[in-house]
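The structure under discussion appears below in the form of structure tokens.
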Amino acid sequence: MNLSALASWQDHTINGLIIGNIYALLAVGLALIFGVSHLINFAHGSVYLVGAYLGWACATYLHTPLPVTILIVVIGCGALGMLIERVGLRPLAGSARIAPLLATIGISFVLDQLVQLSAGADPRAVPNDLPDWRISVGNGTIGPLDLLIAAIGLASAAALFAFLRYTKLGWAVRATAQDRDAALQMGVDANRVNATVFAIASALGGVSGLLVGMYYNHIDPGMSFQATLKGVVAQVIGGMGNIPGAVAGSLLLGLIESWGVALFGSSYRNLFAFVLLLAILVLRPEGLFARRRSVPPEPLTGTFIAPSRPLRIPRIAVTAGVALLALLPLAFPAPYLLQTLTSSWLYALLALSLTLIAGTTGQVSLGHAGLLAIGAYASALLALDAGWPVALSILTAGFITAALGTGLALPAFRLRGHYVSIATLGMGEIVGLVILNWESLTRGPIGVSGIPPLEFMGFPLDDVKPTYWVTLGLMVALALLQSRLLGSHLGRTLRAVREDDVAARASGIGLGRAKSIAFLFGGFVAGISGAVTAHLYSYINFETFTSQISVLALTMVILGGMGNVIGAILGAVVLVGLPELFRATAEYRVLIYGIVLLLLIRFRPQGLLGTV
Amino acid sequence: MTLLKVDSVARRFGGLTAVDGIDLVLEEGGLVSVIGPNGAGKTTLFNMIAGQDHPNAGRIVLDGHDVTGEPPERLAGRGIARTFQHGRVFANLTVLDNVLIGAHTRLHATRLRVPVVGAFSELALALIRPPAIPRQEAALREEARAIIARFGERLLPRLDHPAHSLSYANRRRVEIARALMLRPRLLLLDEPTAGMNQTETAEMLDLIRTLKESGLSILLIEHKLDLVMQLSDRVMVMDDGRKIAEGPPATVRNDPGVIAAYLGSSAVGGATPVPALAS
Chain A
1 MNLSALASWQ DHTINGLIIG NIYALLAVGL ALIFGVSHLI NFAHGSVYLV
51 GAYLGWACAT YLHTPLPVTI LIVVIGCGAL GMLIERVGLR PLAGSARIAP
101 LLATIGISFV LDQLVQLSAG ADPRAVPNDL PDWRISVGNG TIGPLDLLIA
151 AIGLASAAAL FAFLRYTKLG WAVRATAQDR DAALQMGVDA NRVNATVFAI
201 ASALGGVSGL LVGMYYNHID PGMSFQATLK GVVAQVIGGM GNIPGAVAGS
251 LLLGLIESWG VALFGSSYRN LFAFVLLLAI LVLRPEGLFA RRRSVPPEPL
301 TGTFIAPSRP LRIPRIAVTA GVALLALLPL AFPAPYLLQT LTSSWLYALL
351 ALSLTLIAGT TGQVSLGHAG LLAIGAYASA LLALDAGWPV ALSILTAGFI
401 TAALGTGLAL PAFRLRGHYV SIATLGMGEI VGLVILNWES LTRGPIGVSG
451 IPPLEFMGFP LDDVKPTYWV TLGLMVALAL LQSRLLGSHL GRTLRAVRED
501 DVAARASGIG LGRAKSIAFL FGGFVAGISG AVTAHLYSYI NFETFTSQIS
551 VLALTMVILG GMGNVIGAIL GAVVLVGLPE LFRATAEYRV LIYGIVLLLL
601 IRFRPQGLLG TV
Chain B
1 MTLLKVDSVA RRFGGLTAVD GIDLVLEEGG LVSVIGPNGA GKTTLFNMIA
51 GQDHPNAGRI VLDGHDVTGE PPERLAGRGI ARTFQHGRVF ANLTVLDNVL
101 IGAHTRLHAT RLRVPVVGAF SELALALIRP PAIPRQEAAL REEARAIIAR
151 FGERLLPRLD HPAHSLSYAN RRRVEIARAL MLRPRLLLLD EPTAGMNQTE
201 TAEMLDLIRT LKESGLSILL IEHKLDLVMQ LSDRVMVMDD GRKIAEGPPA
251 TVRNDPGVIA AYLGSSAVGG ATPVPALAS
């Protein structure tokens, strides 16, 4: 606690309002999009990133004056928004409800990597030609940039209000948001409405990116994902799709962050955002400013996951495949191949966990990297600080992850559909932030180094071949266990929860219990994967398991077919192996993942082997 | 003996009162039909009895226990099974699996209801599978087949088909089979013959009659008045959230308020004009 900092609370308040204003430009766009299409646009942060870099490029290379820069950003990002709508939303009308959300995640991967490939990963400074004066307000000061941000915020809000209120297209947008079917019936062109909304939202998002770049005099490709998260948090606070709520939520988020940072330090900034997110999702999922609690609409049956017939693979083929893989190191001892496959088996464990939770049970988690991190830290710290044998540490880490993971996911059990994804995303982030800030246990930002290598009862297993066999063995064993679970009444129960939770409850299924069982088993499997990874890497820190890994795991699961055990393994092998085949660098790798995700959702939503 | 007693139950959505002080009594083994125009509050009443929705006022008593506000899964455990107005089958599950879900409350593995321990034991039983578990599973499969066989050849050839591939009428049958698999004490059927042609409706009538004769207590929402008049011990008529008539089918049929509600004569009983219903 830094109480002296409170003396300058006015500075922090002004700072909070300015940041809140920037969040508002993001959140209003997200709210507009959610309003008309019920989609959380995960590519929104990428548009913001593109806006920041577009502005930076204009100001640096073309030396455009600020108004021209802003105009270019508005036009460029508006066009980009329309492109996103055309690629990510329009072709997916009528497909499973999760499809457009995943498509925007794919688009965000592609855009972020394109920015990084063209401008480099290093941070850039955004030049700004504003005069250098500041006015004193109480104990704080305000500069021209602060005023500009406030003015742009107010002007966009006014322009948006006028557009929605007084133009015919604005009416169409509002009508579509209130009742899409009725609007269609009255001849509203839904595609035109969507394209307009994406253009406006993206223009605002791009300007927001530019302003942030100017405010901090710093832009880097990593800012995209954080921006999406902040925009989503602000929107959840205000109520999904509620535009004035999004503005109020943004200002509140900005203030809370600014005050919190003043009190606890900047590494806590995001923790406030995500704890607030979870608190709102649990206590008031309809947002702080919703006029009344609305009854959840009666969902159509089985629309969340595309119906399909799974491909059955004969048991003999599976057995033969496993035998061949086990003998592989003897026939082809190439270390590069074996290491790639070892990595595939560890990802396969993660994908198994996620295919149970997202595929079988229908709780599309976007925070699975958090489970890896828990497992990795638990095992590393048990082995290092408590001096436990590695094998025992790994096993215990599995149980710890099962318990902690289920506990963390508990607040999401009451939620449905996209809200589950947002909540789990927040939980994944919280895990990373707790690791970063709980220095006495986790060593904070320094990370954990010198983690003992894999061994069992004194036999070292850290050579290429033994590691391959250990990871393959663990993966096959847990895959068999998971198949056994799916073949029992539990498999049926969990799938019933996925298909229709109302009908499942009417048949006596307790949702909390079903979901905890999925998270217990899935948490164990993911924890084992994280734990083994820690011992293979020998060094981990709070950034080892990023949310990109969560999305990668989800791509594997979709590639293989939701809930499909063999599919998850296949997905992991393909997505880990494919980039290796092309010897792709890290940036291109993520680009490939994004493109694969987009193509899959568009052309084979049921995955290679089909939904089980 | 009284099985179900609904005691001046009310449900409001914002300014709209969907169910306004309804009383209803169902004797063990009886069949009471709830009829009335669309929007009369019939399904809302069912939702409250089965726990999908909770009343703002009033009590629901099952078998002498006050069960008002209990969650649906607990009410299912008490023996309340239902079907849904618009049909809710598990689209990606096979017909057989859909029906087996109905037996959930009877599984050995789900019997332990202690919060954390229950989940662990259920998971452990599914993975370890002591002999009693597969034995019960096999027995339940047989039972499910027998229930499905009650619908004749409609579903039997489709046991392994995913439910999304079924016709509308067959989905309703799957739902009813799933409800029967619960071995209910009280069965709530919400428009079981919607979307069925005359032959199919006649089959459904036979089935419901057989169920009733086997001693099952049934609450029925139905628009096909022919069927209602043939099956019901008593009929309750709802309009605009209120009960406008109740009694044996023959009495209700001639009640002026009911005729007004159905035919829309605003001169009688002050009811607002409502379009006539298919019968």
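Residue numbers (this note's numbering), protein chains in the order written: chain A, 1 to 612; chain B, 1 to 279.
Heads up, the beta-carbon is just placed ideally off N, CA and C, and yes, glycines get one too.
All values derive from a computational prediction rather than experimental measurement.
Next item on the list: Just the C-alpha distance for I259/B and D20/B, rounded to the nearest angstrom, thanks.
Entry: Working through the second sequence from its first residue, we reach residue 259/B at position 259. Working through the second sequence from its first residue, we reach residue 20/B at position 20. Taking the straight line joining both Cα atoms gives about 21 Å.
Next item on the list: Kindly give me the distance between the Cβ atoms of L384/A and I451/A, rounded to whole angstroms, as I take these residues to be in contact under 8 Å.
Entry: Residue 384/A sits at position 384 when you count from the first residue of the first sequence. Residue 451/A sits at position 451 when you count from the first residue of the first sequence. That belief holds up - the Cβ atoms of L384/A and I451/A are roughly 6 Å apart, short of 8 Å.
Notebook entry, point to check: Within the 7 Å Cβ cut-off, does F151/B reach chain A?
Noted result: As a working mapping, residue 151/B is identified with position 151 in the second sequence. No, F151/B does not count as interfacial toward chain A.
Next item on the list: Could you work out which residue in N191/A, A59/A, A348/A, V68/A is closest to V87/A when comparing CA atoms only?
Entry: Against the first sequence, residue 87/A aligns to sequence position 87. Residue N191/A is the option with its Cα nearest to V87/A.
Notebook entry, point to check: Apart from the five residues just before and just after G387/A, which ones in its own chain have a Cβ nearer than 7 Å to its Cβ?
Noted result: On the first sequence, residue 387/A is found 387 positions in, with the first residue counted as 1. Cβ neighbours of G387/A beyond the five flanking positions: none.
Margin query: Using only the alpha-carbon positions, how far apart do A76/B and V502/A sit?
Written below: What you label residue 76/B is simply residue 76 of the second sequence in a count that begins at 1. What you label residue 502/A is simply residue 502 of the first sequence in a count that begins at 1. The straight-line gap from Cα to Cα measures roughly 12 Å.
Check: Do we get a CB-CB distance below 7 Å when we pair D20/B with the residues of chain A?
Finding: To locate residue 20/B, count along the second sequence from 1; it is residue 20. Not an interface residue.
Next item on the list: Measure from the alpha carbon of L252/A to the alpha carbon of each residue in G20/A, I509/A, V525/A, L570/A, then state which is nearest.
Entry: As a position in the first sequence, residue 252/A is number 252, starting the count at 1. Checked all of G20/A, I509/A, V525/A, L570/A; the closest Cα to L252/A is G20/A.
Next item on the list: Tell me the start and end of each unbroken alpha helix (DSSP H) in the stretch 443-491 of chain A that is at least 4 residues and wholly inside, in chain order.
Entry: 464-487
Check: Which residues in chain A sit within 8 Å of L123/B, going by Cβ to Cβ distance?
Finding: Position 123 of the second sequence, counted from the start, is the residue given in the question as residue 123/B. Near L123/B (Cβ distances below 8 Å), the residues of chain A are L485, L490, I517, L520, F521.
Notebook entry, point to check: In the DSSP assignment, what are the bridge partners of I80/B?
Noted result: Here residue 80/B refers to the residue found at position 80 of the second sequence. I80/B is bridged to L186/B.
Next item on the list: Give the interface partners of E499/A over in chain B, defined as CB-CB distance under 7 Å, in chain order.
Entry: Sequence index remark: in the first sequence, residue 499/A carries index 499 (1-based). Neighbours of E499/A on chain B, chain order: F90, A91, N92, L93.
Note to self: Excluding the 5 residues flanking L609/A on each side, which residues of the same chain have their C-beta closer than 8 Å to its C-beta?
What the structure shows: On the first sequence, residue 609/A is found 609 positions in, with the first residue counted as 1. So the list reads P310, L311, I313, G560, G561, N564, I566, G567, L570, once near-sequence residues are dropped.
Note to self: Need the endpoints of the alpha helix (DSSP H) that R617/A sits in, please.
What the structure shows: Since the first residue shown for chain A is 1 and the last is 612, residue 617/A is missing from the structure and cannot be characterised.
Item checked: Proximity test, Cβ basis, 7 Å: S507/A and chain B -> In the first sequence, residue 507/A corresponds to position 507, counting from 1. For S507/A, the answer is yes, since a Cβ of chain B falls inside 7 Å of its Cβ.
Next item on the list: Measure the beta-carbon distance from G367/A to T319/A and round it to whole angstroms, keeping in mind my assumption that it falls under 8 Å.
Entry: Along the first sequence, read from residue 1 onward, the residue named residue 367/A stands at position 367. Along the first sequence, read from residue 1 onward, the residue named residue 319/A stands at position 319. At roughly 35 Å, the Cβ-Cβ gap does not stay under 8 Å, so G367/A and T319/A are not in contact.
Note to self: I'd like to confirm the pairing. Which residues does DSSP put opposite P162/B in its beta bridges?
What the structure shows: Translated into positions along the second sequence, residue 162/B becomes position 162. Answer is T94/B, bridged to P162/B.
Next item on the list: Consult DSSP for K224/B and reduce its assignment to one of helix, strand or coil.
Entry: Taking the first residue of the second sequence as position 1, residue 224/B is located at position 224. Coil at K224/B, not helix or strand.
Next item on the list: Please name the residues in the stretch 98-109 of chain B whose beta-carbon is closer than 9 Å to at least one beta-carbon of chain A, in chain order.
Entry: N98, L100, I101, G102, A103, H104, T105, R106, L107, A109
Notebook entry, point to check: Beta-carbon separation of I221/B and V34/B under 7 Å?
Noted result: Position 221 of the second sequence holds residue 221/B. Position 34 of the second sequence holds residue 34/B. Contact: yes.
Check: Of all Cβ atoms in chain A, is any one closer than 7 Å to the Cβ of G79/B?
Finding: Within the second sequence, the letter at position 79 stands for residue 79/B. So no, G79/B is outside the interface.
Check: Would DSSP call L16/B helix, strand or coil?
Finding: Along the second sequence, one-based indexing puts residue 16/B at 16. In this structure, L16/B counts as strand in the three-state DSSP scheme.
Notebook entry, point to check: Pick from S121/B, I128/B, T94/B: whose alpha carbon is nearest that of V174/B?
Noted result: Here residue 174/B is taken as the residue at index 174 of the second sequence, counted from 1. Closest option to V174/B, Cα to Cα, is T94/B.
Check: For the alpha helix (DSSP H) that contains I288/A, what are its first and last residues?
Finding: As a working mapping, residue 288/A is identified with position 288 in the first sequence. A quick correction: the sequence has Leu, not Ile, at residue 288/A. Taken as a continuous stretch (DSSP letters only), L288/A belongs to no alpha helix (DSSP H), as it is neither H nor E.
Notebook entry, point to check: Under 7 Å between the Cβ atoms of T361/A and A518/A?
Noted result: In the first sequence, residue 361/A corresponds to position 361, counting from 1. In the first sequence, residue 518/A corresponds to position 518, counting from 1. Contact: yes.
Notebook entry, point to check: Taking Cβ to Cβ, would you say S258/A is nearer than 7 Å to A27/A?
Noted result: Residue mapping note: residue 258/A aligns to position 258 of the first sequence, counting from 1. Residue mapping note: residue 27/A aligns to position 27 of the first sequence, counting from 1. Taking 7 Å as the Cβ cut-off, S258/A and A27/A do not qualify as a contacting pair.
Item checked: DSSP state of G367/A mapped onto helix, strand, coil -> Within the first sequence, residue 367/A is the residue found at index 367, counting from 1. G367/A: coil per DSSP, three-state reduction.
Next item on the list: Could you tell me if A93/A is buried or exposed, where buried requires 16 or more neighbouring beta carbons within 10 angstroms of its beta carbon?
Entry: Here the question's residue 93/A lines up with position 93 in the first sequence. Answer is exposed; the Cβ neighbour count stays below 16.
Checklist line | Length of the line joining the Cα atoms of L356/A and L578/A | finding: Reading the first sequence from its first residue, position 356 is the one you call residue 356/A. Reading the first sequence from its first residue, position 578 is the one you call residue 578/A. Approximately 24 Å, taken between the alpha carbons.
Next item on the list: For my contact list, L536/A and T467/A are in at a C-beta cut-off of 8 Å; report their separation, rounded to the angstrom.
Entry: Indexing the first sequence from 1 puts residue 536/A at position 536. Indexing the first sequence from 1 puts residue 467/A at position 467. With 8 Å as the limit, L536/A and T467/A qualify as a contact, their Cβ atoms being about 7 Å apart.
Notebook entry, point to check: Is D112/A helix, strand or coil by DSSP?
Noted result: Numbered from 1 along the first sequence, position 112 holds the residue referred to as residue 112/A. DSSP places D112/A in helix when its eight states are reduced to three.
Check: What residue does the alpha helix (DSSP H) around L346/A start on, and which one ends it?
Finding: Taking the first sequence and counting its residues from 1, one reaches residue 346/A at position 346. L346/A -> alpha helix (DSSP H) spans 335-354.
Next item on the list: Report the neighbours of L182/B on chain A: residues whose CB is nearer than 8 Å to its CB, in chain order.
Entry: Start at 1 with the first residue of the second sequence, and residue 182/B comes out as number 182. Here the neighbours are S507, G508.
Note to self: With a threshold of 8 Å, are at least 3 pairs of Cβ atoms found where one atom belongs to the stretch 1-14 of chain B and the other to the stretch 592-608 of chain A?
What the structure shows: no
Checklist line | Secondary structure of V32/B, DSSP reduced to three states | finding: What you label residue 32/B is simply residue 32 of the second sequence in a count that begins at 1. Note: V32/B maps to strand in three-state DSSP.
Next item on the list: Kindly confirm or deny that the stretch 97-108 of chain B and the stretch 181-199 of chain B touch, where touching means at least three C-beta pairs closer than 8 Å.
Entry: yes
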